[in-house]
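Trainee: In the working numbering, the protein residues as written are 48 to 170. Ideal Cβ positions, reconstructed from N, Cα and C, are used throughout, including at glycine. None of the values given here were measured: they were computed from a predicted structure. Encoded as structure tokens, here's the structure I'll be asking about.
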Amino acid sequence: QNFHGPSMTSGTGKEGDATSKRRVWTSAEENALINALKDIVTEGWKTENGFRMGYAFQLETKMKTYLPGCEIHADPHITSKMHVWKKTYASLANIKSNKSGLGWNDVSKSFSCDDDKYQSLMK
Numbered sequence: 048q049n050f051h052g053p054s055m056t057s058g059t060g061k062e063g064d065a066t067s068k069r070r071v072w073t074s075a076e077e078n079a080l081i082n083a084l085k086d087i088v089t090e091g092w093k094t095e096n097g098f099r100m101g102y103a104f105q106l107e108t109k110m111k112t113y114l115p116g117c118e119i120h121a122d123p124h125i126t127s128k129m130h131v132w133k134k135t136y137a138s139l140a141n142i143k144s145n146k147s148g149l150g151w152n153d154v155s156k157s158f159s160c161d162d163d164k165y166q167s168l169m170k
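What follows is the structure, given as structure tokens:
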């Protein structure tokens, strides 16, 4: 793979275009986004139904304070990452809701289940 900057990879896009690029976030970038999210929530950008219009641009600005020189932009980078995180959260929340037959272990921060359930999941 060819790398274009610290967190860009070259690959085949949806249309098969070998020149398309996909951002691979670093841990530092993800942590900066989490801290920026905490900031905008305390500043009133979070509403009952989500975030106010323009929240991604606020996150972009905040991220630059945590990571000077950061080249992450509101669109497409931040909006895409938020979309992925929402989907992941929804999946985990569904599993954790006990409808799946799995339990949550707060000590080990992991899912748990009995042997029969595990065997059925592994089929």
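Leaving aside the five residues before and after Met110 along the sequence, list all residues of the same chain whose C-beta is less than 7 Å from its C-beta, in chain order.
Mentor: Here residue 110 refers to the residue found at position 63 of the sequence shown. Ala79, Leu80, Ala83, Cys117 and Ile119, listed in sequence order.
Trainee: Could you pull out every residue in the same chain whose Cβ sits closer than 7 Å to the Cβ of Glu107, ignoring the five residues on either side in sequence?
Mentor: Position 60 of the sequence shown, counting from 1, holds the residue named residue 107. Answer for Glu107: Ile119, His120, Ala121 and Ile125, listed in chain order.
Trainee: Out of Val154, Leu168, Tyr113 and Glu95, which one is the CA nearest neighbour of Ala75?
Mentor: The count along the sequence shown starts at 1 and reaches residue 75 at position 28. Nearest C-alpha to Ala75: Tyr113.
Trainee: Is the distance from the Cβ of Lys164 to the Cβ of Trp151 below 7 Å?
Mentor: The residue labelled residue 164 in the question sits at position 117 within the sequence shown. The residue labelled residue 151 in the question sits at position 104 within the sequence shown. The answer is no: Cβ separation not under 7 Å.
Trainee: With a CB to CB cut of under 8 Å and the five nearest residues on each side skipped, what residues in its chain are close to Ile87?
Mentor: For the purposes of this step, residue 87 is taken as residue 40 along the sequence shown, with counting starting at 1. Counting only Cβ-Cβ distances below 8 Å, and skipping sequence neighbours, we find Lys93, Phe98, Tyr102, Gln105, Leu106 and Lys109.
Trainee: Tell me the DSSP bridge mates of Arg99?
Mentor: For the purposes of this step, residue 99 is identified with residue 52 of the sequence shown, where counting begins at 1. Arg99 pairs with nothing; no bridge assigned.
Trainee: By the DSSP assignment, the beta strand (DSSP E) with Trp151 in it spans what residues?
Mentor: Taking the first residue of the sequence shown as position 1, residue 151 is located at position 104. Counting along the chain, the beta strand (DSSP E) containing Trp151 begins and ends at Gly150 to Asn152.
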